Amino acid sequence: MRVFVTGATGFVTGAVVRLLLARGDVVSALVRDPSRARPLGGAEIVPGDLSDYEALRRGMSGADAVIHGAAMYEIGVRGARRRAMFDANVRGTERVLSLARDLAIPRVVYISTIAIFGNTHGRVVDETYVRTDQTYTSYYEETKLRAHEIAARLAERGLPVVMVQPGQVYGPGDSSGFGDLLRQFARGWLPLVPFPDLGLNMTFVDDIASGVLLALDRGAPGRAFIMGGDIVRSRDVFATLARVLRRSPPRFSVPYALLEAASLVRPDLREVISSAKGVTFWATDARARAELGYAPRSLEAGLRQTYARR
(Lines of atoms letter the chains of each structure in order from A and count residues from 1; the text may use other names and numbers.)
(Lines give C-alpha, C1' and ligand atoms only; values in the text may rest on other atoms or scores of the structure.)
Protein backbone atom coordinates (compact mmCIF):
# COMPACT_ATOMS: atom_id res chain seq x y z
CA MET A 1 0.00 0.00 0.00
CA ARG A 2 1.21 3.52 -0.79
CA VAL A 3 0.34 5.89 2.06
CA PHE A 4 0.67 9.67 2.19
CA VAL A 5 1.15 10.99 5.74
CA THR A 6 1.02 14.52 7.13
CA GLY A 7 2.62 15.39 10.47
CA ALA A 8 5.14 12.57 10.02
CA THR A 9 7.75 14.16 12.29
CA GLY A 10 5.25 14.45 15.15
CA PHE A 11 5.07 12.26 18.23
CA VAL A 12 2.07 10.11 17.28
CA THR A 13 2.28 10.24 13.50
CA GLY A 14 5.99 9.53 13.56
CA ALA A 15 5.17 6.27 15.33
CA VAL A 16 2.53 5.58 12.68
CA VAL A 17 5.11 6.02 9.91
CA ARG A 18 7.51 3.61 11.60
CA LEU A 19 4.78 0.95 11.82
CA LEU A 20 3.77 1.45 8.19
CA LEU A 21 7.38 1.07 7.03
CA ALA A 22 7.92 -1.97 9.26
CA ARG A 23 5.04 -3.82 7.64
CA GLY A 24 6.23 -2.99 4.12
CA ASP A 25 4.04 -0.08 3.07
CA VAL A 26 5.45 2.68 0.86
CA VAL A 27 5.24 5.97 2.74
CA SER A 28 5.44 9.49 1.36
CA ALA A 29 5.63 12.04 4.17
CA LEU A 30 4.85 15.76 4.07
CA VAL A 31 7.67 17.40 6.04
CA ARG A 32 7.95 21.13 6.67
CA ASP A 33 11.59 20.90 7.74
CA PRO A 34 13.45 18.08 5.93
CA SER A 35 16.28 18.32 8.48
CA ARG A 36 13.89 16.73 11.01
CA ALA A 37 13.10 13.79 8.74
CA ARG A 38 16.07 11.61 9.70
CA PRO A 39 13.99 9.34 12.00
CA LEU A 40 11.76 8.59 8.99
CA GLY A 41 14.39 6.55 7.19
CA GLY A 42 12.77 4.68 4.32
CA ALA A 43 10.00 7.22 3.75
CA GLU A 44 9.84 9.40 0.66
CA ILE A 45 10.05 13.01 1.86
CA VAL A 46 7.73 15.61 0.34
CA PRO A 47 8.97 19.08 1.41
CA GLY A 48 6.11 21.43 2.25
CA ASP A 49 3.42 22.26 4.78
CA LEU A 50 -0.37 22.26 5.02
CA SER A 51 -0.63 25.56 3.14
CA ASP A 52 1.31 24.18 0.16
CA TYR A 53 -1.38 22.87 -2.18
CA GLU A 54 1.07 21.66 -4.81
CA ALA A 55 3.11 19.71 -2.25
CA LEU A 56 -0.08 18.08 -0.96
CA ARG A 57 -1.16 17.16 -4.48
CA ARG A 58 2.29 15.81 -5.30
CA GLY A 59 2.34 13.65 -2.18
CA MET A 60 -1.20 12.31 -2.61
CA SER A 61 -0.99 11.54 -6.32
CA GLY A 62 -1.04 7.78 -6.75
CA ALA A 63 -1.61 7.13 -3.03
CA ASP A 64 -3.83 4.26 -1.88
CA ALA A 65 -4.42 5.97 1.45
CA VAL A 66 -3.93 9.26 3.30
CA ILE A 67 -3.31 9.64 7.03
CA HIS A 68 -3.74 13.24 8.16
CA GLY A 69 -2.06 13.72 11.52
CA ALA A 70 -0.48 17.18 11.21
CA ALA A 71 -1.77 19.63 13.81
CA MET A 72 -0.57 22.37 16.09
CA TYR A 73 -0.88 21.38 19.76
CA GLU A 74 -0.27 24.02 22.39
CA ILE A 75 -2.19 25.27 25.41
CA GLY A 76 -2.05 28.96 26.29
CA VAL A 77 -1.72 30.39 22.78
CA ARG A 78 -2.37 34.06 22.07
CA GLY A 79 -2.28 36.48 19.19
CA ALA A 80 -0.38 35.28 16.15
CA ARG A 81 -0.07 31.77 17.59
CA ARG A 82 -3.87 31.48 17.63
CA ARG A 83 -4.02 32.46 13.97
CA ALA A 84 -1.31 29.92 13.16
CA MET A 85 -3.23 27.22 15.07
CA PHE A 86 -6.43 27.97 13.17
CA ASP A 87 -4.58 27.84 9.85
CA ALA A 88 -2.99 24.50 10.69
CA ASN A 89 -5.77 22.69 12.49
CA VAL A 90 -8.85 23.94 10.65
CA ARG A 91 -7.82 25.24 7.25
CA GLY A 92 -5.09 22.63 6.93
CA THR A 93 -7.52 19.80 7.65
CA GLU A 94 -10.06 21.15 5.17
CA ARG A 95 -7.35 21.46 2.50
CA VAL A 96 -5.97 17.94 3.01
CA LEU A 97 -9.31 16.15 3.22
CA SER A 98 -10.90 18.10 0.37
CA LEU A 99 -7.97 17.26 -1.88
CA ALA A 100 -8.21 13.60 -0.86
CA ARG A 101 -11.86 13.67 -1.95
CA ASP A 102 -11.02 15.40 -5.25
CA LEU A 103 -8.31 12.81 -5.99
CA ALA A 104 -10.65 9.94 -5.04
CA ILE A 105 -8.22 8.51 -2.46
CA PRO A 106 -9.68 5.10 -1.47
CA ARG A 107 -8.85 5.24 2.27
CA VAL A 108 -8.40 8.23 4.57
CA VAL A 109 -7.69 8.40 8.30
CA TYR A 110 -7.98 11.68 10.17
CA ILE A 111 -6.34 11.87 13.61
CA SER A 112 -8.69 13.88 15.82
CA THR A 113 -8.80 13.88 19.65
CA ILE A 114 -11.18 13.18 22.52
CA ALA A 115 -10.64 16.83 23.49
CA ILE A 116 -13.39 17.73 21.01
CA PHE A 117 -15.91 16.53 23.62
CA GLY A 118 -14.70 19.26 25.97
CA ASN A 119 -15.11 18.93 29.71
CA THR A 120 -17.20 15.81 30.26
CA HIS A 121 -17.84 16.81 33.90
CA GLY A 122 -17.04 13.38 35.29
CA ARG A 123 -18.94 11.42 32.64
CA VAL A 124 -17.28 8.78 30.46
CA VAL A 125 -18.70 9.51 27.02
CA ASP A 126 -18.47 7.69 23.68
CA GLU A 127 -18.34 8.59 19.98
CA THR A 128 -22.06 9.38 19.89
CA TYR A 129 -21.74 12.16 22.47
CA VAL A 130 -22.83 15.59 21.26
CA ARG A 131 -21.61 18.48 23.37
CA THR A 132 -24.02 21.31 24.17
CA ASP A 133 -21.51 23.46 26.06
CA GLN A 134 -19.85 25.97 23.72
CA THR A 135 -17.40 27.09 26.38
CA TYR A 136 -14.05 25.73 25.27
CA THR A 137 -11.32 24.76 27.70
CA SER A 138 -8.66 25.87 25.17
CA TYR A 139 -8.30 27.24 21.68
CA TYR A 140 -6.72 23.93 20.70
CA GLU A 141 -9.96 22.18 21.68
CA GLU A 142 -12.02 24.64 19.63
CA THR A 143 -9.90 24.28 16.49
CA LYS A 144 -9.82 20.50 16.70
CA LEU A 145 -13.61 20.41 17.11
CA ARG A 146 -14.01 22.50 13.97
CA ALA A 147 -11.58 20.22 12.12
CA HIS A 148 -13.47 17.11 13.29
CA GLU A 149 -16.71 18.65 12.03
CA ILE A 150 -15.09 19.21 8.63
CA ALA A 151 -14.06 15.55 8.49
CA ALA A 152 -17.58 14.44 9.47
CA ARG A 153 -19.20 16.66 6.83
CA LEU A 154 -16.88 15.36 4.11
CA ALA A 155 -17.66 11.80 5.24
CA GLU A 156 -21.37 12.54 4.69
CA ARG A 157 -20.47 13.71 1.18
CA GLY A 158 -18.70 10.48 0.35
CA LEU A 159 -15.12 10.86 1.56
CA PRO A 160 -14.05 7.40 2.85
CA VAL A 161 -12.56 8.87 6.03
CA VAL A 162 -12.19 7.15 9.41
CA MET A 163 -11.67 9.41 12.42
CA VAL A 164 -9.35 8.35 15.24
CA GLN A 165 -9.67 10.12 18.60
CA PRO A 166 -6.69 9.56 20.91
CA GLY A 167 -6.70 10.33 24.60
CA GLN A 168 -3.80 11.92 26.50
CA VAL A 169 -0.74 10.59 24.70
CA TYR A 170 2.41 9.60 26.58
CA GLY A 171 5.48 7.47 26.03
CA PRO A 172 9.20 7.70 25.23
CA GLY A 173 10.03 10.99 23.57
CA ASP A 174 6.89 12.80 24.77
CA SER A 175 7.58 16.55 24.64
CA SER A 176 4.12 17.73 25.74
CA GLY A 177 3.55 19.81 28.84
CA PHE A 178 2.13 16.85 30.76
CA GLY A 179 4.96 14.66 29.52
CA ASP A 180 7.42 17.21 30.87
CA LEU A 181 5.75 17.04 34.30
CA LEU A 182 6.06 13.25 34.31
CA ARG A 183 9.70 13.48 33.28
CA GLN A 184 10.42 16.01 36.05
CA PHE A 185 8.78 13.74 38.62
CA ALA A 186 10.78 10.74 37.36
CA ARG A 187 13.97 12.76 37.85
CA GLY A 188 12.95 13.85 41.35
CA TRP A 189 12.44 17.48 40.38
CA LEU A 190 8.70 17.82 41.02
CA PRO A 191 7.85 18.06 44.73
CA LEU A 192 4.32 19.41 44.11
CA VAL A 193 1.88 18.03 41.57
CA PRO A 194 -0.22 20.56 39.62
CA PHE A 195 -3.83 19.91 38.58
CA PRO A 196 -4.34 16.72 40.66
CA ASP A 197 -8.05 16.48 39.77
CA LEU A 198 -7.59 16.74 35.99
CA GLY A 199 -9.33 13.75 34.39
CA LEU A 200 -7.37 12.05 31.61
CA ASN A 201 -7.54 9.03 29.36
CA MET A 202 -3.88 7.96 29.36
CA THR A 203 -2.90 6.35 26.06
CA PHE A 204 0.52 4.95 25.16
CA VAL A 205 1.89 6.34 21.91
CA ASP A 206 2.54 2.97 20.27
CA ASP A 207 -1.01 1.84 21.07
CA ILE A 208 -2.42 4.88 19.26
CA ALA A 209 -0.14 4.21 16.29
CA SER A 210 -1.34 0.60 16.16
CA GLY A 211 -4.90 1.85 16.45
CA VAL A 212 -4.43 4.18 13.50
CA LEU A 213 -3.35 1.22 11.36
CA LEU A 214 -6.34 -0.79 12.58
CA ALA A 215 -8.60 2.09 11.57
CA LEU A 216 -6.88 2.25 8.19
CA ASP A 217 -7.29 -1.47 7.55
CA ARG A 218 -10.61 -2.25 9.23
CA GLY A 219 -12.48 0.96 10.02
CA ALA A 220 -15.77 1.60 8.26
CA PRO A 221 -15.82 4.90 6.34
CA GLY A 222 -17.51 7.68 8.29
CA ARG A 223 -16.90 5.92 11.60
CA ALA A 224 -15.09 7.52 14.56
CA PHE A 225 -13.02 5.49 17.02
CA ILE A 226 -11.78 6.63 20.41
CA MET A 227 -8.28 5.29 21.10
CA GLY A 228 -7.85 5.36 24.84
CA GLY A 229 -6.25 3.59 27.74
CA ASP A 230 -6.71 4.03 31.50
CA ILE A 231 -9.30 6.59 32.62
CA VAL A 232 -7.77 8.31 35.64
CA ARG A 233 -7.14 11.56 37.50
CA SER A 234 -3.77 13.28 37.23
CA ARG A 235 -2.97 12.36 40.83
CA ASP A 236 -3.44 8.68 39.92
CA VAL A 237 -0.93 8.97 37.08
CA PHE A 238 1.75 10.29 39.41
CA ALA A 239 0.89 7.69 42.05
CA THR A 240 1.29 4.94 39.44
CA LEU A 241 4.58 6.38 38.25
CA ALA A 242 5.78 6.52 41.86
CA ARG A 243 4.96 2.83 42.22
CA VAL A 244 6.86 2.05 39.01
CA LEU A 245 9.86 3.99 40.30
CA ARG A 246 9.54 2.46 43.78
CA ARG A 247 9.22 5.75 45.56
CA SER A 248 6.59 7.47 47.69
CA PRO A 249 3.69 9.04 45.82
CA PRO A 250 3.47 12.86 45.89
CA ARG A 251 1.68 14.13 48.98
CA PHE A 252 1.03 17.74 48.01
CA SER A 253 -0.26 19.62 44.99
CA VAL A 254 0.15 23.16 43.70
CA PRO A 255 -2.77 25.28 44.99
CA TYR A 256 -4.99 26.64 42.23
CA ALA A 257 -5.00 30.01 43.99
CA LEU A 258 -1.24 30.23 43.45
CA LEU A 259 -1.58 29.38 39.76
CA GLU A 260 -4.40 31.89 39.32
CA ALA A 261 -2.29 34.58 40.97
CA ALA A 262 0.59 33.73 38.64
CA SER A 263 -1.74 34.10 35.66
CA LEU A 264 -1.99 37.83 36.40
CA VAL A 265 1.64 38.06 35.37
CA ARG A 266 1.56 35.28 32.76
CA PRO A 267 -1.75 35.48 30.87
CA ASP A 268 -0.98 32.26 28.99
CA LEU A 269 -1.55 30.39 32.26
CA ARG A 270 -5.24 31.29 32.18
CA GLU A 271 -5.90 28.80 29.40
CA VAL A 272 -3.73 26.20 31.10
CA ILE A 273 -5.93 26.54 34.20
CA SER A 274 -9.21 26.52 32.25
CA SER A 275 -8.17 23.30 30.50
CA ALA A 276 -7.27 21.54 33.75
CA LYS A 277 -9.10 22.82 36.85
CA GLY A 278 -11.85 20.30 37.60
CA VAL A 279 -11.91 19.20 33.95
CA THR A 280 -12.32 15.62 32.78
CA PHE A 281 -11.48 14.45 29.28
CA TRP A 282 -13.02 11.01 29.68
CA ALA A 283 -14.22 8.77 26.88
CA THR A 284 -14.48 5.01 26.38
CA ASP A 285 -12.63 3.07 23.68
CA ALA A 286 -15.15 0.18 23.76
CA ARG A 287 -16.07 0.64 20.08
CA ALA A 288 -12.45 0.40 18.92
CA ARG A 289 -11.90 -2.71 21.03
CA ALA A 290 -15.04 -4.40 19.71
CA GLU A 291 -14.86 -3.40 16.04
CA LEU A 292 -11.14 -3.07 15.37
CA GLY A 293 -9.49 -5.35 17.92
CA TYR A 294 -7.80 -2.39 19.62
CA ALA A 295 -5.98 -3.59 22.75
CA PRO A 296 -4.03 -0.89 24.64
CA ARG A 297 -1.62 -1.67 27.44
CA SER A 298 -2.25 -0.62 31.03
CA LEU A 299 -1.03 2.71 32.39
CA GLU A 300 1.44 0.95 34.69
CA ALA A 301 2.89 -1.07 31.80
CA GLY A 302 3.22 2.05 29.65
CA LEU A 303 4.85 4.10 32.41
CA ARG A 304 7.19 1.24 33.18
CA GLN A 305 8.23 1.07 29.54
CA THR A 306 8.75 4.82 29.47
CA TYR A 307 10.36 5.66 32.79
CA ALA A 308 11.56 2.57 34.67
CA ARG A 309 15.31 2.40 35.19
CA ARG A 310 17.02 -0.30 33.21
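Here my numbering runs 28 ahead of the position in the sequence shown, where the first position is 1. Here a beta-carbon is modelled for each residue, glycine too, at the ideal position from N, C-alpha and C. Fair warning: this is a prediction, and the values are worked out from it, not measured in the lab.
- By the criterion of a C-beta distance shorter than 7 Å, S276 is surrounded in its chain by A270, once the five residues flanking it on both sides are discounted.
- Judged by beta-carbon spacing, L218 lies beyond the 8 Å limit of R261, meaning their Cβ atoms are not closer than that value.
- Looking only at F253, L297, P283, L327, the smallest Cα-Cα distance to R317 is reached by F253.
- In this structure E82 is not in contact with V55, their Cβ atoms being roughly 20 Å apart against a cut-off of 8 Å.
- Taking 8 Å as the cut-off, the beta carbon of N229 is found no closer than this to the beta carbon of K172.
- Distances from the alpha-carbon of L48 to those of A237, R60, R263, P200 put A237 closest.
- The DSSP-derived three-state label of L292 is coil.
- In terms of CA proximity to V189, L125 leads the group L125, R64, D202, Y164.
- Counting only runs that start and end inside the region 86-138, the alpha helix (DSSP H) elements of at least 4 residues fall at 108-114, 120-130.
- Between the region 174-183 and the region 159-166, the count of Cβ pairs shorter than 8 Å is below three; the stretches do not touch.
- In this structure V158 is exposed. Its beta-carbon is surrounded by fewer than 16 other beta-carbon atoms within 10 angstroms.
- The DSSP-derived three-state label of Q333 is helix.
- Only residues of its own chain outside the window of five on either side were considered, and among them M100, E102, V105, Y167, Y168, T171 have a CB closer than 8 Å to the CB of M113, listed in chain order.
- The DSSP assignment places 262-272, 284-290 as complete runs of the alpha helix (DSSP H) inside the region 242-296, in order along the chain (cut-off: 4 residues).
- The criterion of a C-beta distance shorter than 8 Å is satisfied by F145 and V153.
- Excluding sequence positions up to five before and after S302, its CB lies within less than 8 Å of the CB of T165, S166, all in the same chain and listed in chain order.
- Between A108 and R30, the gap from beta carbon to beta carbon reaches 8 Å or more.
- In the three-state reduction of the DSSP assignment, A323 falls in the coil class, being assigned neither a helical nor a strand state.
- The beta-bridge partner set that DSSP reports for N229 consists of I259.
- Taking A285 as reference, the option from T41, R298, V74 with the minimal CA-CA separation is R298.
- The C-beta distance from L68 to G120 rounds to 20 Å, too long to meet the 8 Å contact threshold.
- The beta carbon of D53 sits closer than 8 Å to the beta carbons of M29, R30, V31 from its chain, once the five residues preceding and following it are set aside; these are given in chain order.
- Nearest to A267 by C-alpha distance, out of D234, L220, G35, L131, is L220.
- According to DSSP, residue pairing for T34 in a beta bridge involves L58, H96.
- Counting the other Cβ atoms within 10 Å of the Cβ of T308 gives 16 or more, which makes it buried.
- Counted as a single uninterrupted DSSP element, the beta strand (DSSP E) harbouring V192 occupies residues 189-194.
- Under the DSSP assignment, E184 falls in the alpha helix (DSSP H) whose first and last residues are 167-184.
- Contact between A304 and F213 does not hold, since their C-beta atoms are separated by about 16 Å, which reaches or exceeds 8 Å.
- Only exposed fits F280, as fewer than 16 other CB atoms lie within 10 angstroms of its CB.
- Rounded to the nearest angstrom, the Cβ distance from T41 to G199 is 13 Å, too far for a contact under 8 Å.
- In the three-state scheme derived from DSSP, where H, G and I count as helix and E and B as strand, A318 is classed as helix.
- Y164 carries a coil assignment under DSSP once its states are collapsed to helix, strand and coil.
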